[in-house]
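Report on the structure given below.
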Amino acid sequence: MPVVVHDGLLLVEGEVFDIKGICWNPIPKGLKHPQGLPYLADGPAYNLDFIERDLRLIAEAGFNTLRPYKVITDEKVLDLIESYELKVIIPVFNDHHIGIDEVKASVAALKDHPTSLFWEIGNEWNYNNLYNPEGSFEQSIARIQEVITTIRSTDNQLPLAINYGELPTREIEKSLDVDLWGLNIYRSDDFRDVFEEWKKVSDKPMYLGEYGADAIDNRNGDGLYAPQDQAYAVAKLTQQIISQYASQGRGQTLGGALFEFSDEWWKDYRGLPTEHDIGGIAPGGGPYPDLEFNEEWWGIVDIDRNPRAAYHAMKKLYNP
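In this text, residue positions in the sequence shown follow my numbering: the first is -16, and each later residue adds one.
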């Protein structure tokens, strides 16, 4: 099999694969998600040159995996991804609007593609109920079970993952028939007990589906631009992941997907997608140093693709 989870390891063509991932949602300036995604062939922003510039920067930094938030099926885009020797975590079902027929179509289109790494269900769905403001946890579980059954009956080759915010209970973990878990974890500059606690929850492997820090320090309420703080945090967190690699016999961790490649100017609903707004939420836990999610400043490159210190910090770790 091209990709398989075996003995707690992720194998690609029989070789151990550590996920050196980057979350990638490349919305250009002035546009919004998802219509503004440049890899959607029927969208207003479709632009292969734009995409190739991103892929080149991503590959040069040593990343080997993309974690997008919409399924990529355009052959020209997939060919570009393959040319840079990148794999894709496929977000086959992360929104309640996606129907079973669409899931089946995505699986049929991508199950044999050389860029496909594994299917992933949800994006911290326990927080957002599959992005359904009227949904419930119980309804989300039922939909997820249906999708798992659909994927298992359509493709028995690629591994299947589910993405969760923080750690599930042991009961929830046991109730879902997946091969690995993605965990979105934001705990300042230290994962603390995540790796040890996961051992108590599951004997399956996991990867960090999202982690990182934004480039704003709002502790004094002045929105200080702090790219060096961002670089420090992403490097420290990534080093902690590397220290837990299952491939080195150190734990159950397959790697991680840093959030994120580029800034997204559309995300602060109080502003405009043509403006770089400073604003976020502070739920009591979050990124270093202010524990505040400054939504438009997470990129390791800015929206014009100028690398920040965090880009160079990651390149030093992944492609020195």
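The beta carbon of each residue, even a glycine, is placed where N, CA and C say it ideally should be.
Taking its Cβ as the centre, do 16 or more other Cβ atoms sit within 10 Å of K299, making it buried, or is it exposed?
exposed
Counting only runs that start and end within the segment 161 to 205, where is the beta strand (DSSP E) found for 3 or more residues in a row?
163 to 167 and 189 to 194
With T48 as the anchor, note down where its beta strand (DSSP E) starts and where it stops.
T48 to R50
Go through its chain and collect everything with a Cβ distance to G268's Cβ below 7 Å, but skip five positions before and after it.
Y169, R170 and L274
Host beta strand (DSSP E) of L(-6) (start-end)
L(-8) to V(-5)
Starting from I261, trace the beta strand (DSSP E) in both directions and tell me its first and last residue.
Per DSSP, I261 belongs to no beta strand (DSSP E) and is neither H nor E.
With a threshold of 6 Å on Cβ separation, who are the neighbours of D251 within its own chain once the five nearest residues in sequence on each side are excluded?
D260, G262, E278 and E279
Looking only at C-alpha atoms, which of S158, V184 and F174 sits nearest to S123?
S158
Bridge partner(s) assigned by DSSP for Y147:
L166
So what's F270 in DSSP terms, helix, strand or just coil?
According to the sequence displayed, residue 270 carries Pro and not Phe. Strand, per DSSP.
What span of residues does the beta strand (DSSP E) with V(-12) cover, start to end?
V(-12): member of the beta strand (DSSP E) spanning V(-14) to H(-11), first to last residue.
Between L63 and V71, what straight-line distance do the alpha-carbon atoms span, to the nearest angstrom?
12 Å
Please list the terminal residues of the continuous alpha helix (DSSP H) segment that includes W108.
W108 to N111 is the span of the alpha helix (DSSP H), which, as asked, contains W108.
Where E179 and I73 are concerned, what is the direct C-alpha to C-alpha distance, given to the nearest angstrom?
27 Å
Which of helix, strand or coil DSSP assigns to F101
strand
Just the Cα atoms here: how many angstroms apart are W181 and L150?
Taking the straight line from one Cα to the other gives about 7 Å.
Per DSSP, what are the beta-bridge partners of Y301 in this structure?
Its beta-bridge partners do not exist; DSSP assigns none.
Span of the alpha helix (DSSP H) around T236:
First-last for T236: T236 to L241, but that is the beta strand (DSSP E), not the alpha helix (DSSP H).
Residue environment, K15, which counts as buried when at least 16 other CB atoms sit within 10 Å:
exposed
Closest residue to T137 among D200, K94 and Y194 (Cα-Cα distance):
Comparing alpha carbon positions, the residue from D200, K94 and Y194 closest to T137 is K94.
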